[in-house]
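Asker:
Chains as they are written, first to last, in the working numbering: chain R, 1 to 355; chain G, 1001 to 1295.
Structure follows, in structure tokens:
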């Protein structure tokens, strides 16, 4: 690994297929040759879960997989720790194909390389918060002292100090998911799998948990795979986003890529509703021509979102701003006009292609 | 048209021979293996005799205190403890103390055997659909076959006495233990099991940390049912020489002694209620964590 602070391990998913049904593997060839999901279901009564998934998840980043229900996103995340066996394909982590592991290797892999957070929390109702949090370490066979030391640290870190001896049923949904998160983090695995982890929470708590996760990630730098059906959540959390539909990846890239260049009608219909000001960065719309370089009296750094830039500019009562990189070098000029235009125009996939 | 009005049955000669062959076959089996089977059940007999000796040998005030203490530890409820003590004192006052103790010893051993044998069978059943398909009909037979019918081969093999009585009690009382263990484990939340898998639990860790604890309320209901069924068997078991409250009931049926039957019958009811309330209260205490304090 080049970057020493990155603790995660990269995940490569290659040509992954999943066909549900008794004789799934017999239809892989047919599906590869273009049989559709409907045809497979009607003629052979098998359900196509995933078709030819190829995603390269870099170590230490948050990879969001987004899709509506039935798109196969939960199936996909379960292939990473092989809670579901693939019909064909490879999931490569640290140079090993998870799909080829035998049972005891797989168990060791799950104990030490991955930790998972679930949509419905999946806490043990008969155990206290502390006893739930130590679960992963207990399974690994660590001494109780070490288990507790780790667990207490993470319980405090997710904001549950003082609740160690409560039972899950005595906590609200948001607090229960904090336990879920603490349990996963206590495991200290390089890969964190989050299956719609915040979907069951109400909007304010969800925002809160997203902030907790982003704050934590700055320090833990794990490879996080985050499943969601909510594009806003995906854009807020994801370093990279893959959008899934009917078991296929329809687009992958950064949040900005997806908002600016939606690959098809399906994605542009999602993107329409997005708060673009929070996704698009000033670099994208800064112009180098037509405006004199010295008009910008305020400066914004590269990577700032449009919304933040607009606030800086209105606070300073300026129509222009200079975009600079980390070294203070000018990258171009931002005009209020361009800024507002970029924030309001919904770009469909057709106009994006025409540009 | 004769066949239409009277069922064309097997001819008498063949049927008689068939029954004779079966009876003789079983008798031969008894002669051949009876001793081995009896020695196989020797530890059970030892366990039974020890339990009975303890229950009847201990002075009654200590016994009352002991049972009341167990009731308190299990239920943490003064009303249940008071009810237990009053029932026991009444049983003693009506001169049924020693019979009642013999019955409780029998129930205790029967329940322990049912738990020790039943829970593992229930666990295997929950893990294998194939095994469940085999065991379920056997349990159906055990529960519906009139108990007198399986008393016959048991008596032929082991003679009259405590052990055959115990076996009859266990056959009758074990099905709810097995069924509810199976059910409890099958009903464990799939999400929680998935979480246990995701953290790399081995199948023993899964069983110990998740399945058994979450199935425990259902398993406790099974234990409760097993105790009740065992008590119901006490009277029938007395027909093959099991001592206790069943014996006087049997005598009262034969001799039409209404009051004798009533007193002993009520004593059985009293013991049943004690066991039921105490075991249920214990089961409920195990689920304390399920109480929702926070909305």
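Glycine included, every Cβ here is placed at the ideal spot set by N, Cα and C. Please read all numbers here as calculations on a predicted model, not as lab measurements.
1. Which residues mark the beginning and the end of the alpha helix (DSSP H) in which residue 1103(G) is found?
2. Using 8 Å as the limit for Cβ to Cβ distance, is residue 173(R) near chain A?
3. If you follow the beta strand (DSSP E) that residue 321(R) is in, where does it begin and where does it stop?
4. Within the 8 Å Cβ cut-off, does residue 126(R) reach chain G?
5. Could you tell me the alpha carbon to alpha carbon distance between residue 106(R) and residue 192(R), rounded to whole angstroms?
6. Between the beta-carbon of residue 1139(G) and the beta-carbon of residue 1178(G), is there less than 8 Å?
7. Hey, is residue 116(R)'s beta-carbon within less than 8 Å of any beta-carbon in chain G?
8. Against residue 108(R), what residues of chain G qualify as contacts under a CB-to-CB distance less than 9 Å, listed in chain order?
9. Could you give the distance in angstroms between the alpha-carbon of residue 1245(G) and the alpha-carbon of residue 1060(G)?
10. Taking only beta-carbon positions, decide if residue 1294(G) is within less than 8 Å of chain R.
11. Check each residue of the region 1206-1229 of chain G: if its Cβ is closer than 9 Å to any Cβ of chain R, include it; give the result in chain order.
12. For residue 209(R), which residues from the same chain have a beta carbon less than 6 Å from its beta carbon, with the 5 sequence-adjacent residues on both sides left out?
13. What is the residue span of the alpha helix (DSSP H) that residue 1068(G) lies within?
14. Rounded to whole angstroms, what's the CA-CA distance from residue 17(R) to residue 36(R)? Just pull it up for me.
15. So residue 1227(G) and residue 1111(G) are supposed to be a Cβ contact under 8 Å. How far apart are they, rounded?
16. Under the three-state reduction of DSSP, which class applies to residue 1240(G): helix, strand or coil?
17. Quick one: Cα of residue 229(R) to Cα of residue 164(R), how far?
18. By DSSP, does residue 84(R) sit in helix, in strand, or in coil?
19. By Cβ distance below 6 Å, which residues in the same chain neighbour residue 206(R) in space, the five residues on each side in sequence not counted?
20. Since I believe residue 276(R) is in contact with residue 249(R) (beta carbons under 8 Å), could you give me their beta-carbon distance rounded to a whole number of angstroms?
21. Contact criterion: CB-CB distance below 8 Å. Does residue 24(R) meet it with respect to chain G?
22. Going by C-alpha distance, which of 1001(G), 1044(G), 1194(G) and 1281(G) is nearest residue 1158(G)?
23. Grab me the residues of residue 1169(G)'s own chain with a C-beta within less than 6 Å of its C-beta, minus the 5 sequence neighbours each way, in chain order.
24. For the region 134-161 of chain R, which residues have a beta carbon sitting closer than 7 Å to at least one beta carbon of chain G?
25. If we count the other Cβ atoms within 10 Å of its Cβ and call it buried at 16 or more, is residue 1037(G) buried or exposed?
26. Just grab the DSSP bridge partners of residue 18(R) for me.
27. Note down, in chain order, every chain R residue with its Cβ under 8 Å from the Cβ of residue 1197(G).
28. Hey, would you say the C-beta of residue 122(R) is under 7 Å away from at least one heavy atom of the ligand GDP?
29. What is the DSSP secondary structure of residue 1203(G), reduced to helix, strand or coil?
30. Compare the Cα-Cα distances from residue 10(R) to each of 91(R), 26(R), 72(R) and 32(R) and report the closest residue.
31. Starting from the Cα of residue 245(R), find the closest Cα among 272(R), 263(R), 224(R) and 116(R) and give me that residue.
32. Is the beta carbon of residue 155(R) closer than 8 Å to that of residue 130(R)?
33. Within 10 angstroms of its Cβ, does residue 45(R) collect 16 or more other Cβ (buried), or is it exposed?
34. Less than 6 Å between C-beta atoms, sequence neighbours within five positions excluded: which residues of the same chain meet that for residue 282(R)?
35. Is the separation between the beta-carbon of residue 60(R) and that of residue 19(R) shorter than 8 Å?
36. Chain G beta carbons: is any one of them nearer than 8 Å to that of residue 18(R)?
Answerer: Answer, in terms of the structure:
1. Mapped onto the second chain, residue 1103(G) falls at position 103. Start and end: 1097-1127.
2. Among the protein chains in the structure shown, which are R and G, there is no chain A.
3. Here residue 321(R) is taken as the residue at index 321 of the first chain, counted from 1. 320-324 is the span of the beta strand (DSSP E), which, as asked, contains residue 321(R).
4. In the first chain, residue 126(R) corresponds to position 126, counting from 1. Yes, residue 126(R) lies at the interface with chain G (some Cβ there is under 8 Å from its Cβ).
5. For the purposes of this step, residue 106(R) is identified with residue 106 of the first chain, where counting begins at 1. For the purposes of this step, residue 192(R) is identified with residue 192 of the first chain, where counting begins at 1. C-alpha of residue 106(R) to C-alpha of residue 192(R): approximately 16 Å in a straight line.
6. By 1-based counting over the second chain, the position of residue 1139(G) is 139. By 1-based counting over the second chain, the position of residue 1178(G) is 178. Taking 8 Å as the Cβ cut-off, residue 1139(G) and residue 1178(G) qualify as a contacting pair.
7. Mapped onto the first chain, residue 116(R) falls at position 116. It does: the Cβ of residue 116(R) has a partner Cβ on chain G nearer than 8 Å.
8. Position 108 of the first chain, counted from the first residue, corresponds to residue 108(R). Listed by position along chain G, the residues whose Cβ is nearer than 9 Å to that of residue 108(R) are 1200.
9. Taking the first residue of the second chain as 1, we reach residue 1245(G) at position 245. Taking the first residue of the second chain as 1, we reach residue 1060(G) at position 60. Using only the alpha carbons, I get a separation of about 17 Å.
10. In the second chain, counting from the first residue as 1, residue 1294(G) sits at position 294. Only weak support exists for where residue 1294(G) lies, its pLDDT of 47 falling under 50; the coordinates are left without a value.
11. Listed by position, the residues of the region 1206-1229 of chain G near chain R (Cβ gap below 9 Å) are 1209, 1210, 1213, 1214 and 1216.
12. The residue given as residue 209(R) occupies position 209 in the first chain. These residues qualify, in order along the chain: 198.
13. As a working note, residue 1068(G) is residue 68 in the second chain. Boundaries of the alpha helix (DSSP H) harbouring residue 1068(G): 1060-1075, taken from the DSSP string.
14. Stepping through the first chain from its first residue, residue 17(R) is reached at position 17. Stepping through the first chain from its first residue, residue 36(R) is reached at position 36. Rounded to the nearest whole angstrom, the CA to CA distance from residue 17(R) to residue 36(R) is 13 Å.
15. Counting from 1 along the second chain, the entry for residue 1227(G) is found at position 227. Counting from 1 along the second chain, the entry for residue 1111(G) is found at position 111. Rounded to whole angstroms, the Cβ separation of residue 1227(G) and residue 1111(G) is 5 Å, and the two are in contact under 8 Å.
16. Locating residue 1240(G) in the second chain gives position 240, where the first residue counts as 1. If DSSP states are grouped into helix, strand and coil, residue 1240(G) belongs with coil.
17. For the purposes of this step, residue 229(R) is identified with residue 229 of the first chain, where counting begins at 1. For the purposes of this step, residue 164(R) is identified with residue 164 of the first chain, where counting begins at 1. If you draw a straight line from the Cα of residue 229(R) to the Cα of residue 164(R), it comes to about 32 Å.
18. For the purposes of this step, residue 84(R) is taken as the residue at position 84 of the first chain. The DSSP-derived three-state label of residue 84(R) is coil.
19. Here the question's residue 206(R) lines up with position 206 in the first chain. 198.
20. Locating residue 249(R) in the first chain gives position 249, counting from the first residue. Locating residue 276(R) in the first chain gives position 276, counting from the first residue. Not quite, the Cβ-Cβ distance comes to about 23 Å (not below 8 Å), so this is no contact.
21. Locating residue 24(R) in the first chain gives position 24, counting from the first residue. No, residue 24(R) lies away from the interface with chain G (no Cβ there is under 8 Å from its Cβ).
22. Stepping through the second chain from its first residue, residue 1158(G) is reached at position 158. The residue with the shortest Cα to Cα distance from residue 1158(G) is 1044(G).
23. Working through the second chain from its first residue, we reach residue 1169(G) at position 169. So the list reads 1110, 1230, 1233 and 1237, once near-sequence residues are dropped.
24. Residues of the region 134-161 of chain R whose Cβ lies closer than 7 Å to any Cβ of chain G, in chain order: 135, 136 and 139.
25. On the second chain, residue 1037(G) is found 37 positions in, with the first residue counted as 1. By the 16-neighbour rule on beta-carbons within 10 angstroms, residue 1037(G) is exposed.
26. Locating residue 18(R) in the first chain gives position 18, counting from the first residue. According to DSSP, residue 18(R) bridges with 50(R).
27. Residue numbering aside, residue 1197(G) sits at position 197 when the second chain is read from its first letter. Chain-ordered, the chain R residues with CB closer than 8 Å to the CB of residue 1197(G) read 83 and 110.
28. As presented, the structure is devoid of all ligands, the ligand GDP included, so that no description of it is given.
29. Numbered from 1 along the second chain, position 203 holds the residue referred to as residue 1203(G). Residue state for residue 1203(G) is assigned as helix, using DSSP reduced to three classes.
30. By 1-based counting over the first chain, the position of residue 10(R) is 10. With distances taken between Cα atoms, residue 10(R) lies closest to 91(R).
31. Position 245 of the first chain, counted from the first residue, corresponds to residue 245(R). Closest by alpha carbon: 263(R).
32. Position 130 of the first chain, counted from the start, is the residue given in the question as residue 130(R). Position 155 of the first chain, counted from the start, is the residue given in the question as residue 155(R). Closer than 8 Å, so yes.
33. Looking up residue 45(R) in the first chain gives position 45. Residue environment for residue 45(R): exposed (fewer than 16 other C-beta atoms within 10 angstroms of its C-beta).
34. Along the first chain, read from residue 1 onward, the residue named residue 282(R) stands at position 282. For residue 282(R), where only same-chain residues beyond five positions count, the Cβ hits under 6 Å are 300, 304, 309, 323 and 334.
35. Along the first chain, one-based indexing puts residue 60(R) at 60. Along the first chain, one-based indexing puts residue 19(R) at 19. Contact: no.
36. The count along the first chain starts at 1 and reaches residue 18(R) at position 18. For residue 18(R), not one C-beta of chain G is nearer than 8 Å to its own C-beta.
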